[in-house]
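First residue of the sequence shown? That's 1 in full-length UniProt numbering, and the numbers climb one at a time after it. Positions of the beta carbon are idealized from the N, C-alpha and C atoms, including for glycine. Working notes, structure below.
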Amino acid sequence: MPDSGFPWPIETTRLDNGLRVVVSEDRTAPAVAVNLWYDVGSRHEPAGQTGFAHLFEHLMFEGSVNVAKTEHMKLIQGAGGSLNATTNPDRTNYFETVPAEHLELALWLEADRMGGLVPALTQETLDNQRDVVKNERRQRYENVPYGDAWLRLLPLLYPPGHPYHHATIGSMADLNAADLATFQEFHSTYYAPNNAVLTVVGDTDAAEVFALADKYFGGLAARADIPAAPDGRTVPATGRPAVETVTADVPAPRVYVAHRTHPFGTQGYDVTTVLGTVLGSGRGSRLYQRLADGERIAQPDLVGAYGVDLAHAPAPLIATATARPGVSAERLRDGLAEVVDELATVPVTAAELDRAKALLSTMWWRQMSTVDGRADTLGRYATQFGDPARAADRLPAWLAVTAEQIAEQAAELLGAADRVILTYLPEEN
Numbered sequence: 001m002p003d004s005g006f007p008w009p010i011e012t013t014r015l016d017n018g019l020r021v022v023v024s025e026d027r028t029a030p031a032v033a034v035n036l037w038y039d040v041g042s043r044h045e046p047a048g049q050t051g052f053a054h055l056f057e058h059l060m061f062e063g064s065v066n067v068a069k070t071e072h073m074k075l076i077q078g079a080g081g082s083l084n085a086t087t088n089p090d091r092t093n094y095f096e097t098v099p100a101e102h103l104e105l106a107l108w109l110e111a112d113r114m115g116g117l118v119p120a121l122t123q124e125t126l127d128n129q130r131d132v133v134k135n136e137r138r139q140r141y142e143n144v145p146y147g148d149a150w151l152r153l154l155p156l157l158y159p160p161g162h163p164y165h166h167a168t169i170g171s172m173a174d175l176n177a178a179d180l181a182t183f184q185e186f187h188s189t190y191y192a193p194n195n196a197v198l199t200v201v202g203d204t205d206a207a208e209v210f211a212l213a214d215k216y217f218g219g220l221a222a223r224a225d226i227p228a229a230p231d232g233r234t235v236p237a238t239g240r241p242a243v244e245t246v247t248a249d250v251p252a253p254r255v256y257v258a259h260r261t262h263p264f265g266t267q268g269y270d271v272t273t274v275l276g277t278v279l280g281s282g283r284g285s286r287l288y289q290r291l292a293d294g295e296r297i298a299q300p301d302l303v304g305a306y307g308v309d310l311a312h313a314p315a316p317l318i319a320t321a322t323a324r325p326g327v328s329a330e331r332l333r334d335g336l337a338e339v340v341d342e343l344a345t346v347p348v349t350a351a352e353l354d355r356a357k358a359l360l361s362t363m364w365w366r367q368m369s370t371v372d373g374r375a376d377t378l379g380r381y382a383t384q385f386g387d388p389a390r391a392a393d394r395l396p397a398w399l400a401v402t403a404e405q406i407a408e409q410a411a412e413l414l415g416a417a418d419r420v421i422l423t424y425l426p427e428e429n
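So, in structure tokens, the structure goes:
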């Protein structure tokens with residue numbers, strides 16, 4: 001295994017307008033991944049504008065000055081490429097993977113919607129995409145069993161006013177209340193070259209990418225007054241659990257136990273990542289072994305734990321289990337809490353630690369095995385930490401975590417006094 005988590009070349013530059021450009025050459029296959037990270041997510045949204053960042057994930061495919069509605073998608077797919085976009089609390093990203101000869105097309109399209117969406121944005125398009133987002137909320141959150149768990153966990157984990165208090169889907173009332181000019185101003189504020197990182201990985205070289213980036217993005221004006229997101233690094237401990245019980249149309253009781261840990265990218269969160277893998281990844285995890293295989297109180301395919309990789313505040317570690325038939329929510333909740341509590345008192349064995357690190361190594365190299373996976377990773381580290389080369393440090397940091405560090409963090413951060421517990425109960429027939 002390589003000593004570094006990123007054994008490929010990395011070259012960077014910054015255009016005069018502030019756009020950071022990252023290139024990693026790989027001639028293995030005649031394809032390139034183009035990835036744009038914008039430093040805007042739901043944590044940047046001011047009061048009254050929740051859901052804006054996510055709505056723009058949709059609007060950015062609806063046409064720009066030189067590209068008609070839906071043409072971006074048609075052009076990329078017609079060239080044999082694939083594309084998508086995602087939004088989370090920290091950022092919004094847009095990405096394509098295309099045959100190498102279509103690199104220039106992808107860069108032109110991205111530049112056109114960075115600089116040319118606002119003049120092309122119409123009331124009709126805005127209203128249409130608002131309706132799309134409302135339907136997405138119904139399909140993903142409101143009409144799915146347990147679908148609103150994330151919407152409920154965030155305000156339990158982060159107090160009002162904290163940048164992570166609300167989810168990326170936002171408030172439908174906010175989306176409905178804002179006029180076209182407000183949305184245009186949001187795009188003009190955050191979708192600027194000096195608030196973005198362009199990453200290209202694959203069958204190209206830095207000289208070609210830097211020249212094309214300057215050709216298509218270089219004429220876009222920088223934004224001088226991009227507002228910083230509120231500082232969310234400190235979340236005061238309450239000294240008492242935050243508990244919510246929901247009776248809903250769900251097939252079985254389900255319990256979520258969550259704790260705030262450390263921001264993604266820190267040594268503390270590296271420990272959280274390994275801890276979470278020991279606790280809840282796969283059949284060899286403590287949760288599965290105890291609750292699904294041992295006491296048989298949790299459904300085998302609905303038990304686990306995971307960290308949510310948020311970089312600008314203490315990120316959450318979430319453990320969850322769904323009850324087998326005949327098992328009460330109280331018994332399930334007590335069993336789940338007991339396994340979490342034992343991380344501080346029952347030492348992680350060498351076998352558990354080796355297994356967790358093997359799973360994380362596999363996950364990392366699977367991400368690194370594709371040009372689009374590498375492009376997204378480099379974009380993340382350039383955006384969130386100012387240096388794409390820091391991506392090379394993540395896997396070695398996980399592999400350096402010790403059992404003692406896991407026990408110390410569990411004792412410090414996973415206690416019952418500052419725990420979030422969300423319980424779903426089936427409606428009575």
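So residue i and residue j are in contact, right, with Cβ under 8 Å, and what is the actual spacing, rounded?
i	j	result
W39	A311	Note on identity: in this sequence residue 39 is Asp, with Trp being the wrong assignment. About 11 Å; that fails the 8 Å criterion.
E101	L83	Their Cβ separation, rounded to whole angstroms, is 17 Å, which puts E101 and L83 out of contact at 8 Å.
D16	G268	Not a contact, Cβ separation roughly 38 Å.
W37	V197	5 Å
residue 439	V200	Because residue 439 is not part of the residues shown, which for the chain are 1 to 429, the question remains open.
G239	D418	7 Å
V235	H162	7 Å
T245	L360	Not really, about 34 Å apart at Cβ, beyond 8 Å.
Spatial neighbours of residue i within its chain, please: CB distance less than 8 Å, with the 5 preceding and 5 following residues excluded, ordered by chain position.
i	result
L343	L275, V278, L279, R286, I406, A407, A410 and L414
V208	The sequence as given places Glu at residue 208; Val does not occur at that position. Only L103 meet the Cβ criterion.
G147	R140 and Y141
A79	V98, P99, H102 and L105
Output needed for residue i: all residues of its chain with C-beta closer than 6 Å, excluding positions within five of it in sequence on either side, in chain order.
i	result
T13	V21 and F210
A111	Y216 and F217
P300	A292
R137	I169
F52	E45 and F186
D341	none
Determine the direct distance from the alpha carbon of residue j to that of residue i, and round the result to whole angstroms.
i	j	result
M1	E330	Low confidence applies here, because M1 scores a pLDDT of 48, under 50, leaving its location unreliable and the question unanswered by this model.
I10	P388	8 Å
P230	P251	39 Å
N143	T28	44 Å
G81	G202	14 Å
A213	A222	15 Å
R333	V420	12 Å
D372	V32	8 Å
H54	V132	11 Å
R394	G115	34 Å
T266	T247	37 Å
T204	P159	46 Å
R374	L117	28 Å
F6	V308	22 Å
residue 515	V327	In the structure as shown, the chain starts at 1 and stops at 429, and residue 515 therefore has no counterpart that could be examined.
A337	A177	42 Å
D127	L180	9 Å
S24	E62	30 Å
M73	L109	10 Å
F264	G282	22 Å
T345	A358	24 Å
Q367	A400	20 Å
R380	A68	30 Å
L107	T70	17 Å
G335	V257	11 Å
A206	D26	11 Å
The ligand NAP and residue i: does any heavy atom of the ligand fall closer than 6 Å to the residue's C-beta?
i	result
A329	No copy of the ligand NAP appears in this structure; indeed no ligand is present at all.
Would you say residue i and residue j are within 7 Å of each other, going by their C-beta atoms?
i	j	result
A298	A319	no
A85	E57	yes
M60	R113	yes
A120	S64	yes
M50	D174	Looking at the sequence itself, residue 50 is Thr, so the reference to Met does not match. Yes.
L378	A391	yes
R260	V339	no
L157	P316	yes
G18	N135	no
A313	P347	no
R355	G294	no
Residues in the same chain with beta-carbon distance under 7 Å from residue i, minus the five sequence neighbours each way, listed in chain order, please.
i	result
R324	R296, I297, A298 and Q299
A192	A222, R223 and I226
G237	Just to set this straight, residue 237 is Ala in the shown sequence, not Gly. D418.
E352	V278
E262	Glu is not the amino acid found at residue 262; the sequence shown has His there. The answer, listed in chain order, is G268, Y269, T272, P314 and A315.
State whether the stretch 168-182 contacts the stretch 132-152, with contact taken as three or more CB pairs (one from each stretch) at a distance under 8 Å. Enough Cβ pairs lie closer than 8 Å, so yes.
Do the stretch 41-52 and the stretch 223-239 meet, that is, are 3 or more Cβ pairs less than 8 Å apart? yes
Are the stretch 415-424 and the stretch 240-259 in contact at 8 Å, needing three or more beta carbon pairs? Yes: at least three Cβ pairs fall under 8 Å.
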